[in-house]
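Colleague: Below you'll find the structure I mean.
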């Protein structure tokens, strides 16, 4: 179009500056993770004089990332699975069955989106410690699943509502019971919504801070975010191993970045859902 | 937009359903399907929230007897300087960071509307939201180290007396800038999606009438994206109050919390209850949380009221 107003040109320059800034921060992170502390400050964007792979090895070992990542993977996987198992049937029933309570219940679940963690953390912590579920991954998983429910139900009800009803009726006419219809027809149809939900859930819990700080106070049980925080503290005490810190940050971010590059559009759309119509 | 946001017809269920065998079979399944989620939700959200309300009127350290103190916790908050600054900081994030975030988001959305490479730009500016808030925050703090990148750039620009960014007095503003940076990417994406749905012929008509870019924004874009703006405002009010990790990371040492000058209500509530050095003051923490909840409710109602317009069909 020839109608692009000339006035917006400086605007474009600004947009590209913002983009450049974001990319530079990433580049700086990766480059710095291979440098000595002195080099990081002396030449922020120069290539490292020699590529210090031992930053990564040190970060990996000192922070005990290995076991922490294993724990995190277990927690994140169990959380995602549990969330889907509990939320999907509820969302399906709330969005497709005609009952008097489905409307109000859907709103009740949505209300949970506005409740901050602080409002539930104290009673939850006391209850969980009395059940012996503090400092255990199982306890953290329960808390994660529970706190995921409002968004999951909200997200999936919208999704189920958008599916066509014909197939359900056809299945019913062919003699499939509602349970089988849900399991064999609707769940596969909703696969893309479920996958999006799982991705968002995993990203959200990969380095979740507040709940893991509260429910995993035992250092031998720490997950990735806690390992990173502890490593950061250690770096600051023990003579500024900045290269190691950058490597540690890179280790935490890289898996997410790869997922983002792979599934970016889906992640963006899932995270900004609810802002649409 | 997301597949899930495709507009669904209001009546997806056939009217004749009630009373049919299918409907009855479904009725029987309704409770088993909804109950697990509802039970977990009630047990973990509703009951604890109510208990927090109760706690805010009591003195308790997590174990032992609960001592009723009436409004003492609230009275203490009223005189607590740290609480004042935490509340002030929360409001500063809500209004100050919110204003800048939306200003930039509107600006970016307008520029991006007719720009090549917009999908790429969107992917890049959104990325801080899709990776770990914790790691992004550490990275952000590192930019402002005494000989970090920010100061290196300033020196390059000829500024000799560089500010001490991470000093107690300045830390909160560094955090605020980081929040603007991260959230601009998020809200630009939301607004962009809304603008994308506006049909091009409206702009073509405006062009024919000789409308200026501002007029096009004021009379075409803004009214038609208003729903998204309203939702974004509510979303911001809720999420701004919840922000925790981005600030917590700026603590100096293990298990401690950042300088009280950078606290928000969420930091205050956490520190009062879980700070390893001090004694656990659950009552004060609960009272601060009540203030937060009231703030959320008031703000949600307020933004709804302010942004309420008749939504336009197009």
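Protein chains in written order, with my numbering: chain A, 7 to 283; chain B, 782 to 1095.
We treat Cβ as the ideally placed atom computed from N, Cα and C, and that holds for glycine.
(1) Is the beta carbon of residue 1096 of chain B sitting closer than 8 angstroms to the one on residue 17 of chain A?
(2) Tell me where the alpha helix (DSSP H) around residue 1075 of chain B begins and ends.
(3) Would the beta-carbon of residue 109 of chain A be found less than 7 angstroms away from any heavy atom of the ligand NAD?
(4) Do residue 237 of chain A and residue 149 of chain A have their CB atoms nearer than 8 angstroms?
(5) Looking at the structure shown, is residue 839 of chain B part of a helix, part of a strand, or coil, going by DSSP?
(6) Kindly indicate which three-state DSSP category residue 962 of chain B falls into: helix, strand or coil?
(7) Taking 6 angstroms as the limit between beta carbons, can you name the residues of its chain near residue 64 of chain A, skipping five residues before and five after?
(8) How would you list, in chain order, the residues of chain A whose beta-carbon sits under 7 angstroms from the beta-carbon of residue 811 of chain B?
(9) Which chain A residues sit within Cβ distance under 8 angstroms of residue 821 of chain B?
(10) Pair every Cβ in the segment 818 to 829 of chain B with every Cβ in the segment 126 to 134 of chain A, then say whether three or more of these pairs are closer than 8 angstroms.
(11) Would you check if the segment 1065 to 1073 of chain B and the segment 1046 to 1054 of chain B touch, i.e. whether three or more CB-CB distances between them fall below 8 angstroms?
(12) So which residues of chain A does residue 928 of chain B contact, with C-beta pairs closer than 8 angstroms?
(13) Can residue 143 of chain A and residue 80 of chain A be called in contact, C-beta distance under 8 angstroms?
(14) When you check each C-beta in the segment 30 to 46 of chain A against every C-beta of chain B, which residues fall closer than 7 angstroms?
(15) With H, G and I counted as helix, E and B as strand and the rest as coil, what does DSSP make of residue 848 of chain B?
(16) I'd like to know whether the C-beta atoms of residue 25 of chain A and residue 905 of chain B end up nearer to each other than 8 angstroms.
(17) What's the gap between the Cα of residue 188 of chain A and the Cα of residue 98 of chain A?
(18) Who are the Cβ neighbours of residue 883 of chain B in its own chain at under 7 angstroms, not counting the five residues just before and after it?
(19) Can you tell me the Cα-Cα spacing of residue 101 of chain A and residue 935 of chain B, whole angstroms?
(20) How long is the line joining the alpha carbons of residue 937 of chain B and residue 924 of chain B, rounded to whole angstroms?
(21) Is the number of C-beta pairs between the segment 56 to 75 of chain A and the segment 938 to 948 of chain B that are closer than 8 angstroms three or more?
(22) Just to confirm the assignment, what range does the alpha helix (DSSP H) spanning residue 854 of chain B have?
(23) For residue 18 of chain A, go through chain B and note every residue whose CB falls closer than 8 angstroms to its CB, in chain order.
(24) Skipping 5 residues on each side, what residues in its chain have a beta carbon closer than 7 angstroms to that of residue 88 of chain A?
(25) So residue 928 of chain B and residue 47 of chain A are in contact, right, with Cβ under 8 angstroms, and what is the actual spacing, rounded?
(26) So is residue 106 of chain A buried or exposed if we call it buried at 16+ other beta carbons inside 10 Å?
(27) How would you list, in chain order, the residues of chain A whose beta-carbon sits under 7 angstroms from the beta-carbon of residue 902 of chain B?
(28) Measure from the C-beta of residue 238 of chain A to each C-beta in chain B and report whether the shortest distance is under 8 angstroms.
(29) According to DSSP, simplified to helix, strand and coil, what is residue 919 of chain B?
(30) What residues in its chain sit with their C-beta under 6 angstroms from that of residue 782 of chain B, if we drop five residues either side in the sequence?
(31) Please list the partners that residue 855 of chain B has in chain A, where partner means a Cβ-to-Cβ separation under 9 angstroms.
(32) Within the same chain, show all residues whose beta-carbon is closer than 6 angstroms to that of residue 108 of chain A, passing over the 5 residues directly before and after it, in chain order.
(33) Is residue 248 of chain A helix, strand or coil when you go by DSSP?
(34) Going along the chain, which residues of its own chain have a beta-carbon closer than 7 angstroms to the beta-carbon of residue 50 of chain A, five neighbours each way excluded?
(35) So what's residue 88 of chain A in DSSP terms, helix, strand or just coil?
(36) In the segment 1037 to 1052 of chain B, which residues sit with their C-beta less than 8 angstroms from some C-beta in chain A, listed in chain order?
Modeller: Taking the coordinates as given:
(1) This structure does not reach residue 1096 of chain B, given that chain B is present from 782 up to 1095, and the question cannot be answered.
(2) Working through the second chain from its first residue, we reach residue 1075 of chain B at position 294. Residues 1063 to 1088.
(3) Among the components modelled here there is no ligand, and therefore nothing to report on the ligand NAD.
(4) For the purposes of this step, residue 237 of chain A is taken as residue 231 along the first chain, with counting starting at 1. For the purposes of this step, residue 149 of chain A is taken as residue 143 along the first chain, with counting starting at 1. Residue 149 of chain A sits away from residue 237 of chain A, with the two beta carbons spaced by 8 angstroms or more.
(5) As a position in the second chain, residue 839 of chain B is number 58, starting the count at 1. Reduced to three states, the DSSP call for residue 839 of chain B is strand.
(6) Residue mapping note: residue 962 of chain B aligns to position 181 of the second chain, counting from 1. Helix.
(7) Walking along the first chain from the start, residue 64 of chain A turns up at place 58. So the qualifying residues of the chain are 250.
(8) Residue 811 of chain B sits at position 30 when you count from the first residue of the second chain. Result: 99, 103, 105.
(9) Mapped onto the second chain, residue 821 of chain B falls at position 40. Here the neighbours are 92, 151, 152, 155.
(10) Pairwise C-beta distances place the segment 818 to 829 of chain B in contact with the segment 126 to 134 of chain A, as three or more of them are shorter than 8 angstroms.
(11) Three or more Cβ pairs drawn from the segment 1046 to 1054 of chain B and the segment 1065 to 1073 of chain B lie within less than 8 angstroms of each other, which places the two stretches in contact.
(12) Here residue 928 of chain B refers to the residue found at position 147 of the second chain. Chain A residues near residue 928 of chain B: 47.
(13) Looking up residue 143 of chain A in the first chain gives position 137. Looking up residue 80 of chain A in the first chain gives position 74. Contact flag set, yes.
(14) From the segment 30 to 46 of chain A, only 31, 34, 35 have a Cβ closer than 7 angstroms to chain B.
(15) As a first step, residue 848 of chain B must be located in the second chain, where it is residue number 67. The answer is strand: DSSP assigns residue 848 of chain B an E or B state.
(16) Reading the first chain from its first residue, position 19 is the one you call residue 25 of chain A. Reading the second chain from its first residue, position 124 is the one you call residue 905 of chain B. Inclusion of residue 25 of chain A and residue 905 of chain B in the CB contact set at 8 angstroms is warranted, their separation being smaller than that value.
(17) Start at 1 with the first residue of the first chain, and residue 188 of chain A comes out as number 182. Start at 1 with the first residue of the first chain, and residue 98 of chain A comes out as number 92. Residue 188 of chain A and residue 98 of chain A have their C-alpha atoms roughly 8 angstroms apart.
(18) Within the second chain, residue 883 of chain B is the residue found at index 102, counting from 1. If we look at residue 883 of chain B and ignore the five residues flanking it on each side, its Cβ neighbours are 968.
(19) As a first step, residue 101 of chain A is located in the first chain; it is residue number 95 there, counting from the start. As a first step, residue 935 of chain B is located in the second chain; it is residue number 154 there, counting from the start. Straight-line Cα distance between these residues: approximately 55 angstroms.
(20) Start at 1 with the first residue of the second chain, and residue 937 of chain B comes out as number 156. Start at 1 with the first residue of the second chain, and residue 924 of chain B comes out as number 143. Going from the Cα of residue 937 of chain B to the Cα of residue 924 of chain B covers about 15 angstroms.
(21) Taking 8 angstroms as the limit for Cβ pairs, the verdict is that the segment 938 to 948 of chain B does not touch the segment 56 to 75 of chain A.
(22) On the second chain, position 73 is the one that residue 854 of chain B refers to. That run of the alpha helix (DSSP H) goes 853 to 860.
(23) For the purposes of this step, residue 18 of chain A is taken as the residue at position 12 of the first chain. Ordered by position in chain B, the residues that pass the 8 angstroms Cβ test against residue 18 of chain A are 892, 896.
(24) Working through the first chain from its first residue, we reach residue 88 of chain A at position 82. Hits under 7 angstroms: 147, 151.
(25) Your numbering for residue 928 of chain B matches position 147 in the second chain. Your numbering for residue 47 of chain A matches position 41 in the first chain. That belief holds up - the Cβ atoms of residue 928 of chain B and residue 47 of chain A are roughly 5 angstroms apart, short of 8 angstroms.
(26) Along the first chain, read from residue 1 onward, the residue named residue 106 of chain A stands at position 100. So residue 106 of chain A counts as exposed.
(27) Taking the second chain and counting its residues from 1, the one referred to as residue 902 of chain B is at position 121. For residue 902 of chain B, the residues of chain A that pass the 7 angstroms Cβ criterion are 21, 25, in the order they occur in the chain.
(28) Stepping through the first chain from its first residue, residue 238 of chain A is reached at position 232. Closer than 8 angstroms: yes.
(29) Numbered from its first residue, the second chain carries residue 919 of chain B at position 138. In this structure, DSSP gives residue 919 of chain B a helical state, which the three-state scheme calls helix.
(30) For this step, residue 782 of chain B is matched to residue 1 along the second chain. Bear in mind that a pLDDT of 34 at residue 782 of chain B, under 50, signals an unreliable position, so the number given afterwards is only what the model happens to contain. Cβ within range, chain order: 974.
(31) As a first step, residue 855 of chain B is located in the second chain; it is residue number 74 there, counting from the start. Near residue 855 of chain B there are no residues of chain A at all, since even the closest Cβ is about 16 angstroms away, more than 9 angstroms.
(32) The sequence position of residue 108 of chain A within the first chain is 102, counting from 1. For residue 108 of chain A, where only same-chain residues beyond five positions count, the Cβ hits under 6 angstroms are 100.
(33) For the purposes of this step, residue 248 of chain A is identified with residue 242 of the first chain, where counting begins at 1. In this structure, DSSP gives residue 248 of chain A a helical state, which the three-state scheme calls helix.
(34) The count along the first chain starts at 1 and reaches residue 50 of chain A at position 44. Only residues of its own chain outside the window of five on either side were considered, and among them 34 have a CB closer than 7 angstroms to the CB of residue 50 of chain A, listed in chain order.
(35) Taking the first residue of the first chain as 1, we reach residue 88 of chain A at position 82. Helix at residue 88 of chain A.
(36) Of all residues in the segment 1037 to 1052 of chain B, 1046, 1047, 1050, 1051 have a Cβ within less than 8 angstroms of some Cβ in chain A.
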